[in-house]
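Everything on this sheet refers to the single structure shown next.
Numbering (the working numbering), first residue to last: 185 to 632.
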């Protein structure tokens, strides 16, 4: 071994040790997850009608699909197609700085960076009810120096003239976020009591944000993003967690909050299926789906429908950011055909989606129609995921005759490329990720 090589290794170990030795690392914690339309949310809009809320959810889902599509294929979509990672239905509460400032982030299983809008803002989108984080007012804020391993691990770094680490993340529609890589004290408060403080937490303090087009579909956006992928400086990678779990509350009951659990407190329970190991796709959690059934009758979807191909975006991923599920067109057509056969008695009640939400199968339903609607089951390796009717059909009109009477649509969208299990279908499931054994579990329960 040459002296130069030995010196490099010693420097590497020194840099790694200097960063991690003084860092407080918890063994596990939990945090509250809320619906963006809850009165507890900084994004709450009392004037938002149900139709407008669903329309916004669909547009965010399409943008999310385009984002996942673009990064799994390195394909750049037309500039007028929105592509965004930092918008979604469910957001996590946490506190940052000393003294602590309450803020929120999209909990994102499809990315690794953690970033937050910071002052001074050279170009930021609007926040409401949540102030921008001001590093100058925190006694524990530290910018990261360029030689540190922390800077390299963040993954999007370059050095400023004064040798501080900076990041610049560009998305496929030319949207971007950039600023300083920094360390700060953050605090996570459990919905059931108890606080967990993490020192020297690495995040991107973003001073410039540009998201092209009407990507937030509202007057303001989520303050930031917390990545949960198995890559870079995501939350689970920073803290060395091999387990995490979450449960999203009911879409139609915004005040029902959910939770996220990390490390030792993350319960992994219920039937399990393997997480696929896909080279160069550490930012996403792929599942091995075999078939779909309607009332127990298999659709016999061709085996290659959900296979992952390197040449183009494909496969089946579970994603915390997309609201509605996307199915490869071939599978979607088989599913819709099977549902129509089972719903022949409702043929005269079939309607075109009155709000033009992208939903292709809609019926005027009352309580009994919905109660006896066919059950959809996704069949994965070693796991059958039976969707409750509330996770299958969405009421799209504003009519309030009864909570159940009105136009209901299948809450899924056809896709020419990648398939995604969205959070509408995940609602009220406790979903556990066992990264040590590459498994994921599903357990239906009331999330609170």
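No residue lacks a Cβ here, since even glycine has one placed at the ideal position from N, Cα and C.
Name the one or two DSSP bridge partners that residue 482 has. According to DSSP, which records beta bridges pairwise, residue 482 is partnered with 477.
Residue 521 - DSSP class collapsed to helix/strand/coil: Residue 521 falls in the helix class under three-state DSSP.
Does DSSP put residue 206 in a helix, a strand or coil? With a pLDDT of 37 at residue 206, under the threshold of 50, the predicted position of this residue should be treated as unreliable, and no value is reported.
Please classify residue 278: is it buried, with 16 or more other beta-carbons within 10 angstroms of its beta-carbon, or exposed? Counting Cβ neighbours within 10 Å, residue 278 comes out buried, since at least 16 surround it.
C-alpha gap between residue 573 and residue 364, whole angstroms: The straight-line gap from Cα to Cα measures roughly 46 Å.
Identify whether residue 293 lies in helix, strand or coil by the three-state DSSP scheme. DSSP places residue 293 in coil when its eight states are reduced to three.
Got a sec, what are the start and stop residues for the alpha helix (DSSP H) residue 553 sits in? DSSP places residue 553 in the uninterrupted alpha helix (DSSP H) bounded by 551 to 555.
Taking residue 276 and residue 215 to be in contact with their CB atoms under 8 Å, please state how far apart those CB atoms are, rounded to whole angstroms. Indeed they touch by this definition, with Cβ atoms about 5 Å apart.
Please say whether residue 592 and residue 549 have beta carbons closer to each other than 9 Å? Against a cut-off of 9 Å, the Cβ pair of residue 592 and residue 549 comes out as a contact.
Work out the CA separation of residue 514 and residue 523 for me, nearest whole Å. So the alpha carbons of these two residues sit roughly 15 Å apart.
Indicate the three-state DSSP secondary structure (helix, strand or coil) for residue 327 in the structure shown. Under the three-state reduction of DSSP, residue 327 is assigned to strand.
Rounded straight-line distance, which links the Cα of residue 210 to that of residue 379: So the two alpha carbons sit approximately 11 Å from each other.
Residue from 468, 520 and 568 with nearest C-alpha to residue 251: Of the candidates 468, 520 and 568, the residue whose Cα lies closest to the Cα of residue 251 is 468.
C-alpha gap between residue 710 and residue 615, whole angstroms: With the chain running from 185 to 632 in the structure shown, residue 710 is simply not present.
Run through the DSSP bridge pairs and tell me what residue 614 is partnered with. The partner list for residue 614 (beta bridge, DSSP) reads 627.
Helix, strand or coil for residue 430? Go by DSSP, reduced to three states. Strand, per DSSP.
From 631, 232, 237 and 225, residue whose alpha carbon lies closest to that of residue 445: For the residues 631, 232, 237 and 225, the minimum Cα distance to residue 445 belongs to 631.
Pairing CB atoms from the segment 320 to 331 with CB atoms from the segment 286 to 297, are three or more of them under 8 Å? With fewer than three CB-CB distances shorter than 8 Å, the segment 320 to 331 does not count as touching the segment 286 to 297.
Quick check: the segment 558 to 568 against the segment 475 to 488, are there 3 or more CB pairs under 8 Å? At 8 Å Cβ cutoff, the stretches touch.
Would you identify the three-state DSSP class for residue 336, choosing helix, strand or coil? Residue 336 falls in the helix class under three-state DSSP.
Close Cβ partners of residue 489 (< 8 Å) along its chain, the five nearest in sequence each way excluded: Cβ neighbours of residue 489 beyond the five flanking positions: 512, 514 and 515.
Taking all protein chains shown into account, do 16 or more other C-beta atoms lie within 10 angstroms of the C-beta of residue 267, making it buried, or fewer, making it exposed? Any reading at residue 267 needs caution, since the residue's pLDDT is 39, under 50, leaving its predicted position unreliable; the model's value is listed next. Flag for residue 267 reads buried.
Tell me the rounded alpha-carbon separation between residue 596 and residue 609. Roughly 9 Å between the two C-alpha positions.
Under a three-way DSSP split, which group does residue 321 fall into? In this structure, residue 321 counts as helix in the three-state DSSP scheme.
Limits of the beta strand (DSSP E) - the one that residue 420 falls within: It is not in any beta strand (DSSP E) - residue 420 instead sits in the alpha helix (DSSP H) that spans 419 to 423.
Can you give me the Cβ contacts of residue 368 inside the same chain, cut-off strictly under 7 Å, excluding the 5 residues immediately before and after it? If the five residues before and after residue 368 are omitted, its C-beta is found closer than 7 Å to the C-beta atoms of 280, 281, 322, 324, 325, 385 and 387, all from its own chain and listed in chain order.
Residue 220 (DSSP reduced to helix, strand or coil): The answer is coil: DSSP assigns residue 220 none of H, G, I, E or B.
May I have the straight-line CA-CA distance separating residue 439 from residue 392, to the nearest angstrom? Between the C-alpha atoms of residue 439 and residue 392 there is a straight-line separation of about 32 Å.
Taking residue 244 as the reference, which of 273, 255, 225 and 230 has the closest Cα? Nearest of 273, 255, 225 and 230 to residue 244, Cα basis: 273.
Distance, Cα to Cα, residue 352 vs residue 554? The straight-line gap from Cα to Cα measures roughly 48 Å.
Euclidean distance between Cα positions of residue 601 and residue 568: Each residue's Cα considered, the two are about 23 Å apart.
Please classify residue 331: is it buried, with 16 or more other beta-carbons within 10 angstroms of its beta-carbon, or exposed? The residue is exposed, with fewer than 16 neighbouring Cβ atoms inside 10 Å.
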